[in-house]
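Colleague:
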Amino acid sequence: MRKVAFGIFVVGLLMLTVVACEGIDCTLNNVVTLNVGFYRSDDGSAYTIPDTLTITAEGTDSVLLNRAIRVKSISLPMSYWQEADTLRLHFYNTESSHEMTMRIEKSNTQHFESPDCPTTMFHEIKGMNHEGATGYVDSVVVTNKSIGYGALEHIKVYMHVAD
Amino acid sequence: MERWSTSRFICTWLISLLCGVSMAKEHKEVIPKAPFFCGVAVQADLVGPAMKLVGSRFDQMEVGGRLNFRDHYFPICELGIGESDREGQETNNKFHTRAPYFRVGMDYNFNKKHNGNRLMGGLRYGFSGFKYDFSDPDFADPVWGVGNGLTLDGQKGRAQWLEVVVGCEAKLWLFIRLGWNIRFKARLHQSVSDYGEPYYVPGFGKNGSTTFGGTVNLIFDVGRTTKKSKTKLNELVQ
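So the protein sequences, as listed, match chains G and R. Numbered according to this note's numbering, the first sequence spans residues 1 to 163. Numbered according to this note's numbering, the second sequence spans residues 1 to 238.
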């Protein structure tokens with residue numbers, strides 16, 4: 001009987017050792033960005049901007065998007081602690097130049113998953129307004145307020161398209 | 001003639017089969033019934049202290065008490081303290097929690113013989129209310145460059161879960177038993193902080209919708225109600 005009991009003890013410990021094994025399993029797509037898509041104002045279809053686009057933001061010297069050409073959509077970082085981000089979108093080509101300012105009011109919520117995974121900041125869009133480039137940009141619409149993991153589109157920018 | 005012999009063969013075969021069944025019934029071993037109430041046992045988990053000793057990511061100190069009806073039905077109550085104090089392997093993030101947990105449920109002994117060995121299967125309902133701390137000293141805004149770390153202390157969480165248990169145990173000496181079990185755990189409900197889920201839930205294990213766990217228990221049969229039932233169960237075991 002004692003041999004049986006000892007066998008039970010050893011087998012139990014071995015099984016629990018196997019059960020206790022684990023790996024690091026962080027979310028693969030763990031980048032939090034504001035995703036913006038460009039669309040035609042006449043029929044609402046996706047639009048590839050023919051001009052060069054540069055985006056800067058208030059409060060940082062970093063250029064968020066530098067001289068991008070033929071873009072359909074963009075992903076931008078958001079500030080961790082500011083209550084509102086002001087983005088400057090500069091569209092230009094050899095003949096013309098348009099500048100739009102977009103102010104996005106938001107809340108910030110720290111997010112953690114595990115000690116092994118990087119900590120991030122999630123956001124909730126509280127309000128948005130834009131000004132400038134009136135003859136170039138038709139309207140800007142918030143389509144998804146929650147900014148977290150994933151590639152969901154949050155803002156649609158409708159552009160005037162010359163025939 | 002041929003038809004007659006065939007029908008005789010079938011009749012003979014049927015009669016012999018029926019006789020065989022009745023004889024088998026007569027020779028079937030009659031297993032004596034254990035008394036209705038066979039006693040009380042207390043138990044302590046040995047895995048928790050072992051995990052703490054080797055510096056595991058989390059550990060739990062657990063004791064339990066159970067009743068024994070008919071040597072088959074074992075209503076059981078388990079309580080313990082679960083603890084996790086963990087630093088990330090590739091980050092400086094830290095997670096900490098220490099809280100009690102409770103489980104109630106019942107085991108069934110599948111061994112029909114009362115020979116001291118038990119093959120157990122059972123269910124548990126577990127619940128825990130806990131607080132957890134999380135910190136990331138390197139947390140900073142990579143673009144705007146602002147940040148002085150992140151400390152989130154005292155985040156509140158509650159969890160309920162169900163466990164399917166299988167295991168076995170053997171009599172070690174007189175009133176001392178040793179047994180192990182493995183458990184499949186499924187989360188029923190969880191309420192956690194808006195900032196994020198806990199890495200570890202006391203009593204459940206590493207947080208997730210399902211997980212596995214187990215215990216190695218040292219069990220003490222501490223009492224039986226009447227002299228009659230005690231004597232009867234001892235007779236059955238011997």
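Quick reminder that beta carbons are idealized off the backbone N, C-alpha and C, glycines included.
Between the region 75 to 88 of chain G and chain R, which residues of the former have CB atoms less than 8 Å from a CB of the latter, in chain order?
Modeller: Pro77, Ser79, Tyr80, Trp81, Gln82
Colleague: Need the endpoints of the alpha helix (DSSP H) that Lys240 of chain R sits in, please.
Modeller: Within the shown structure, residues of chain R are numbered from 1 to 238, placing residue 240 of chain R beyond reach of any answer.
Colleague: Under 9 Å Cβ-Cβ, which residues of chain G neighbour Leu119 of chain R?
Modeller: One finds nothing in chain G with a Cβ atom closer than 9 Å to the Cβ of Leu119 of chain R; even the nearest lies about 11 Å away.
Colleague: Taking all protein chains shown into account, decide if Trp144 of chain R is buried (16 or more other Cβ within 10 angstroms of its Cβ) or exposed.
Modeller: buried
Colleague: Thinking just about the alpha-carbon of each residue, which of R:Ser84, R:Val63, R:Gly88 is nearest to the one in Phe102 of chain R?
Modeller: That would be R:Val63, whose Cα lies nearest to the Cα of Phe102 of chain R.
Colleague: Determine, using beta-carbon pairs with one atom in the region 61 to 71 of chain G and one in the region 117 to 136 of chain R, whether at least three such pairs fall under 8 Å.
Modeller: no
Colleague: Nearest chain B C-beta to Ser146 of chain G closer than 9 Å, yes or no?
Modeller: Note that chain B does not occur in the displayed structure, where the protein chains are G and R.
Colleague: Rounded to whole angstroms, what's the CA-CA distance from Asp85 of chain R to Gln60 of chain R? Just pull it up for me.
Modeller: 12 Å
Colleague: Please report how far the alpha carbon of Gly20 of chain R lies from the alpha carbon of His114 of chain R, in whole angstroms.
Modeller: Legend: pLDDT at Gly20 of chain R = 45, less than 50; position of this residue unreliable, no value from coordinates given.
Colleague: Would you call Phe166 of chain G buried or exposed, if buried means 16 or more other Cβ atoms sit within 10 Å of its Cβ?
Modeller: Coverage of chain G is limited to positions 1 through 163, which leaves residue 166 of chain G absent and any answer about it impossible.
Colleague: Examine the Cβ distances between the region 202 to 220 of chain R and the region 172 to 186 of chain R and report whether three or more of them are shorter than 8 Å.
Modeller: These segments touch.
Colleague: Between Gly82 of chain R and chain G, is any beta-carbon pair separated by less than 9 Å?
Modeller: no
Colleague: Pairs of beta-carbons, one from the region 134 to 153 of chain R and one from the region 164 to 176 of chain R, closer than 8 Å: are there three or more?
Modeller: no
Colleague: How far does the beta strand (DSSP E) with Gly157 of chain R in it reach, from first residue to last?
Modeller: 150 to 173
Colleague: Just verifying my parser: in three-state terms, what is the DSSP assignment at Asn214 of chain R?
Modeller: It should be pointed out that residue 214 of chain R corresponds to Gly in this sequence rather than to Asn. Here Gly214 of chain R sits in strand by DSSP.
Colleague: In chain R, which residues lie with their C-beta within 8 Å of the C-beta of His111 of chain G?
Modeller: Tyr195, Gly196
Colleague: Cβ closer than 7 Å: which chain G residues qualify as neighbours of Lys94 of chain R?
Modeller: Pro115
Colleague: According to DSSP, simplified to helix, strand and coil, what is Gly65 of chain R?
Modeller: strand
Colleague: Whole angstroms are fine: how far does the CA of Glu87 of chain R sit from the CA of Met120 of chain R?
Modeller: 37 Å
Colleague: To the nearest angstrom, how far is it from the Cα of Glu163 of chain R to the Cα of Gly205 of chain R?
Modeller: 12 Å
Colleague: Please state the DSSP three-state secondary structure of Gly39 of chain R.
Modeller: strand
Colleague: Can the beta-carbon of Cys152 of chain R be found closer than 9 Å to that of Ser193 of chain R?
Modeller: Checking the displayed sequence, the identity of residue 152 of chain R turns out to be Leu instead of Cys. Cβ distance < 9 Å, so Leu152 of chain R and Ser193 of chain R count as in contact.
Colleague: Cα-Cα, which of G:Ile155, G:Asp138, G:Glu95 is closest to Arg103 of chain G?
Modeller: G:Ile155
Colleague: Is Glu153 of chain G buried or exposed, if buried means 16 or more other CB atoms sit within 10 Å of its CB?
Modeller: Its Cβ having fewer than 16 others within 10 Å, Glu153 of chain G is exposed.
Colleague: Should Ser146 of chain G be labelled buried (16 or more other beta-carbon atoms within 10 Å of its own) or exposed?
Modeller: Counting Cβ neighbours within 10 Å, Ser146 of chain G comes out exposed, since fewer than 16 surround it.
Colleague: Taking Cβ positions only, does Gly150 of chain G come closer than 9 Å to chain R?
Modeller: no
Colleague: Given that Thr52 of chain G touches chain R, what residues does it touch there, using C-beta distances under 9 Å?
Modeller: Here the premise fails: no neighbours, minimum Cβ distance about 21 Å.
Colleague: Would you say Met165 of chain G faces chain R, with C-beta separation under 9 Å as the test?
Modeller: In this structure chain G extends from 1 to 163, so residue 165 of chain G is not present and cannot be described.
Colleague: Would you mind telling me which residues of chain R sit closer than 7 Å to Ser62 of chain G, beta carbon to beta carbon, in chain order?
Modeller: Val143, listed in chain order.
Colleague: With a CB to CB cut of under 6 Å and the five nearest residues on each side skipped, what residues in its chain are close to Arg158 of chain R?
Modeller: Closer than 6 Å at Cβ, skipping near neighbours: Gly129, Ser191.
Colleague: Would a check of beta-carbon distances place Thr119 of chain G closer than 9 Å to chain R?
Modeller: yes
Colleague: Using a Cβ-Cβ distance under 9 Å, would Leu152 of chain R count as near chain G?
Modeller: yes
Colleague: Excluding the 5 residues preceding and the 5 following Gly147 of chain R in the sequence, name in chain order all residues of the same chain whose CB lies nearer than 7 Å to its CB.
Modeller: Phe139, Ala140, Asp141
Colleague: Would Cys19 of chain R count as contacting chain G if we go by Cβ distances under 9 Å?
Modeller: Summary for Cys19 of chain R: the model assigns pLDDT 46, below 50, so the residue's position carries little reliability; its value from the coordinates is reported in the next sentence. No, Cys19 of chain R does not count as interfacial toward chain G.
Colleague: What residue from R:Lys156, R:Gln155, R:Phe175, R:Pro198 has the CA that sits closest to Cys38 of chain R's CA?
Modeller: Considering only R:Lys156, R:Gln155, R:Phe175, R:Pro198, the residue with the shortest C-alpha distance to Cys38 of chain R is R:Phe175.
Colleague: Go to Ser139 of chain G, then tell me how far its beta strand (DSSP E) extends in each direction, as first and last residue.
Modeller: 137 to 142
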